[in-house]
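**Student:** Shown below is the structure under consideration.
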Amino acid sequence: MNISRRDAFKWGLGASGMLMLPWTFPEKALAQTAPPDDNDTTTTFTPFQVALPISPVLSPVQRTSTTDYYYIVLQKTQMPIQGLAATGVPTNVWSYTGITNRGLLPAVIPGPTIRQQIGRQSVVRFVNCLGNLAENDIPTTDKQKWPIGEPINAVIHLHGMASLPQYDGYTVDYIQPYYYKDYHYPNDRPATFWYHDHALDRTRRNVAMGMAGIYVVYDQFELDNLPSGNYDIPLVFQSYPDPAGATAYNGYTLVNGVYQARLQVKPRKYRFRLLNATATQTLYLSLLQTDATSRAYPGPVITVIGTDGGLVEKPVTTTELRIGMGERYEILIDFSQYYLADATNNFVFLITNNQDASNGDGGSTTPLLLFEITTPDNEDQLVIPNTLRPFKALPTSGVRRVRQFVFDFTPKADVPPVSDPNASTEQCIPNQTQIATINGKRWDTQRVDADPGLGDIEIWSLVNKTALIHPIHIHLLDFQMLSRNGQPPLPYEQNWKDIFLLGPYDEIEIIGQLGPNRGKYMMHCHNLLHEDCAMMTQFEVGQGGPDPCSAPAQPLTPEDCRNLGIEDLCPKSVHTEILEGS
Numbered sequence: 001m002n003i004s005r006r007d008a009f010k011w012g013l014g015a016s017g018m019l020m021l022p023w024t025f026p027e028k029a030l031a032q033t034a035p036p037d038d039n040d041t042t043t044t045f046t047p048f049q050v051a052l053p054i055s056p057v058l059s060p061v062q063r064t065s066t067t068d069y070y071y072i073v074l075q076k077t078q079m080p081i082q083g084l085a086a087t088g089v090p091t092n093v094w095s096y097t098g099i100t101n102r103g104l105l106p107a108v109i110p111g112p113t114i115r116q117q118i119g120r121q122s123v124v125r126f127v128n129c130l131g132n133l134a135e136n137d138i139p140t141t142d143k144q145k146w147p148i149g150e151p152i153n154a155v156i157h158l159h160g161m162a163s164l165p166q167y168d169g170y171t172v173d174y175i176q177p178y179y180y181k182d183y184h185y186p187n188d189r190p191a192t193f194w195y196h197d198h199a200l201d202r203t204r205r206n207v208a209m210g211m212a213g214i215y216v217v218y219d220q221f222e223l224d225n226l227p228s229g230n231y232d233i234p235l236v237f238q239s240y241p242d243p244a245g246a247t248a249y250n251g252y253t254l255v256n257g258v259y260q261a262r263l264q265v266k267p268r269k270y271r272f273r274l275l276n277a278t279a280t281q282t283l284y285l286s287l288l289q290t291d292a293t294s295r296a297y298p299g300p301v302i303t304v305i306g307t308d309g310g311l312v313e314k315p316v317t318t319t320e321l322r323i324g325m326g327e328r329y330e331i332l333i334d335f336s337q338y339y340l341a342d343a344t345n346n347f348v349f350l351i352t353n354n355q356d357a358s359n360g361d362g363g364s365t366t367p368l369l370l371f372e373i374t375t376p377d378n379e380d381q382l383v384i385p386n387t388l389r390p391f392k393a394l395p396t397s398g399v400r401r402v403r404q405f406v407f408d409f410t411p412k413a414d415v416p417p418v419s420d421p422n423a424s425t426e427q428c429i430p431n432q433t434q435i436a437t438i439n440g441k442r443w444d445t446q447r448v449d450a451d452p453g454l455g456d457i458e459i460w461s462l463v464n465k466t467a468l469i470h471p472i473h474i475h476l477l478d479f480q481m482l483s484r485n486g487q488p489p490l491p492y493e494q495n496w497k498d499i500f501l502l503g504p505y506d507e508i509e510i511i512g513q514l515g516p517n518r519g520k521y522m523m524h525c526h527n528l529l530h531e532d533c534a535m536m537t538q539f540e541v542g543q544g545g546p547d548p549c550s551a552p553a554q555p556l557t558p559e560d561c562r563n564l565g566i567e568d569l570c571p572k573s574v575h576t577e578i579l580e581g582s
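Residue numbering for the sequence shown follows UniProt numbering, starting at 1 and increasing by one per position.
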């Protein structure tokens, strides 16, 4: 079901998509009669019939006193996108597939979840078995952008982790097909991270094909004071193109790989870890409650308990939660407050797509996930503390330098040439007269645009000169937002974060302490189309840091394939295929 902004006002919903008055929400009306991009008006979907899948937690293949070791293989596979009209019809995806001591696990989208206790290090071996690009790999007309037969190189970025440069996922630090690389992670703070592809010019394609997964670092405080186990659930929002023939990866918004799924919950508290892994969509989330007569009413408020950087100091309530591409928020919902033993209790998780529409309606509101409250099985004794994680603001008195970064689309003729042989070849503007830039420059691996000292406190001013939203991601460290257009940030943004949602013509001031590692790190727009179009720069912390490409991927051997149990994914002559396709 899509609700236009004009109809939203008719039916009592405000401009932000929030329900103000009760209104009819029958099952028939919930049917998706037109895809979000309106390319196909002939199919009707029956929503909320598929149970929400939850990606399995990956077990390490080895544990020492300090470190856990994991194996993940990148592979091509096919699976149906449940919830759409084509349910049961497999589609091509590229998955992160876990390997345990029992062998190769079933492929899942999103990839398997890794859960690590704070202080225990991890080493994750990523094995690239994607091979070369085939004609039928890509389900959209975007495939025209990439040469058939080119090697599908991969780069792994553990988003939010303070990794050393050589394990951070530098955009040209490739894992070629039938190579592997071991990534080392310190797991030095509890938060919700995510791993995804970061290959130059190919990030949007690779992530949209399925290459994303949740990575959690936790501590004892969370286990003792917050919902855990089956009551701690990741919700990963991803884009999937209209199977009728979309032109880009923006047709349907999936949750954990399913369109309009149903999740049965007990009347108790739940913790949900939300990740916007879409390529280009800003999400606006709220809750509705439906009763036995299919009428809908305002649902519970959303209680935000965590951001990119981990738990907030005090829970923050909101009726609508805005999540930019790459952002993570952790929320708490207490379903016991809405449980009635003699009635049907359903909650619909809503997304409002606020992108402009040519007819002036703006975005639309689409129900994404149904929470169905079931009978209780045990009493929920959990009491959420008033204070979760102490927050200490960085002192502005200690600032060593103020920098400005301007995000814009610059006329091609005004952009300085780059010396980088790996320069981005994508264009964001269809007529190719403008280039996505930061401070008037495009991405260049040979150029460093900021050189803060290790441990320096700096204020960065992020300026948007365009009418588009730019979620700005900074590698290595979290910052704190000081202001947005001279005003305080939204209450749920007032915590440590690694992505800052830069709205049209916004100016945001953030403060951070550069570190804890020396070396080169990237900053870029996390709208993956803009990222692939060179809206990316790099800064170098301190001097003498390791080169980001100093731990290159290693070739697989036939013995590796046998030991990993992936002989069927390896060519007969390992890495011959990549050499022939180069």
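Don't be surprised by glycine CBs; every beta carbon is placed ideally from N, CA and C.
If we ignore side chains and look at the alpha-carbon of each, how far apart do Y492 and V304 end up?
**Tutor:** 7 Å
**Student:** Go ahead and label E222 buried or exposed: buried means 16 or more other beta carbons lie within 10 angstroms of its beta carbon, across all protein chains shown.
**Tutor:** buried
**Student:** What is the rounded straight-line gap between the Cα of I148 and the Cα of E135?
**Tutor:** 6 Å
**Student:** Between the Cα of G111 and those of Q75, N101, R518, spot the shortest distance and give me the residue it belongs to.
**Tutor:** Q75
**Student:** From this set, Y505, D420, M536, which residue's C-alpha is nearest H473's C-alpha?
**Tutor:** M536
**Student:** So if DSSP puts D334 in a beta bridge, which residue, or which two residues, is it bridged to?
**Tutor:** As DSSP reads the structure, D334 sits in a beta bridge with K269.
**Student:** Three or more beta-carbon pairs under 8 Å between the stretch 100-108 and the stretch 166-184, yes or no?
**Tutor:** no
**Student:** Where does the unbroken beta strand (DSSP E) through N464 begin, and where does it stop?
**Tutor:** 457-464
**Student:** Using only the alpha-carbon positions, how far apart do T433 and R442 sit?
**Tutor:** T433 and R442 have their alpha carbons spaced roughly 14 Å apart.
**Student:** Take R271 and list the residues in its own chain whose beta-carbon comes closer than 8 Å to its own, dropping the five residues that flank it on each side.
**Tutor:** L226, P227, S228, Y231, D232, I233, I305, E330, I331, L332
**Student:** Measure from the alpha carbon of L263 to the alpha carbon of each residue in P390, F237, T374, N386, then state which is nearest.
**Tutor:** T374
**Student:** Quick check on DSSP: helix, strand or coil for K181?
**Tutor:** Per DSSP, reduced to three states, the secondary structure at K181 is strand.
**Student:** Would you kindly work out how many angstroms separate the C-alpha atoms of T91 and Q82, rounded to a whole number?
**Tutor:** 11 Å
**Student:** Taking the alpha helix (DSSP H) that F500 belongs to, which residues open and close that run?
**Tutor:** Not the alpha helix (DSSP H): F500 falls in the beta strand (DSSP E), residues 499-502.
**Student:** On the DSSP bridge list, what partners appear for T445?
**Tutor:** None; T445 has no bridge partner.
**Student:** Near L514, which residues of its chain fall below 6 Å by C-beta distance, leaving aside the five closest residues on each side in sequence?
**Tutor:** P452, D456, V541
**Student:** Using the DSSP secondary-structure output, state which residues sit across from H526 in a beta bridge.
**Tutor:** Answer is none; H526 lacks a bridge partner.
**Student:** Applying the criterion that 16 or more other CB atoms from any shown protein chain within 10 Å of the CB defines a buried residue, is I3 buried or exposed?
**Tutor:** Summary for I3: the model assigns pLDDT 36, below 50, so the residue's position carries little reliability, and this model does not support an answer.
**Student:** What would DSSP say about P558, mapped onto helix, strand or coil?
**Tutor:** helix
**Student:** Return the CA-CA distance between L468 and F407, expressed in angstroms with no decimal places.
**Tutor:** 10 Å
**Student:** For G310, name the three-state secondary structure that DSSP assigns.
**Tutor:** strand
**Student:** Please name the residue or residues paired with Y195 in a DSSP beta bridge.
**Tutor:** Assignment of beta-bridge partners to Y195 by DSSP yields L158, G213.
**Student:** Determine the DSSP secondary structure at A413, reduced to helix, strand or coil.
**Tutor:** helix
**Student:** Taking buried to mean at least 16 other C-beta atoms within 10 Å of its own C-beta, is K269 buried or exposed?
**Tutor:** Buried, because 16 or more other Cβ atoms sit within 10 Å of the Cβ of K269.
**Student:** For Q62, count neighbouring Cβ atoms within 10 angstroms of its own Cβ and tell me buried if that reaches 16, exposed if not.
**Tutor:** When all chains shown are included, Q62 counts as exposed.
**Student:** As a quick exercise: from E150, K145, C533, H196, pick the residue whose alpha carbon is nearest that of G169.
**Tutor:** H196
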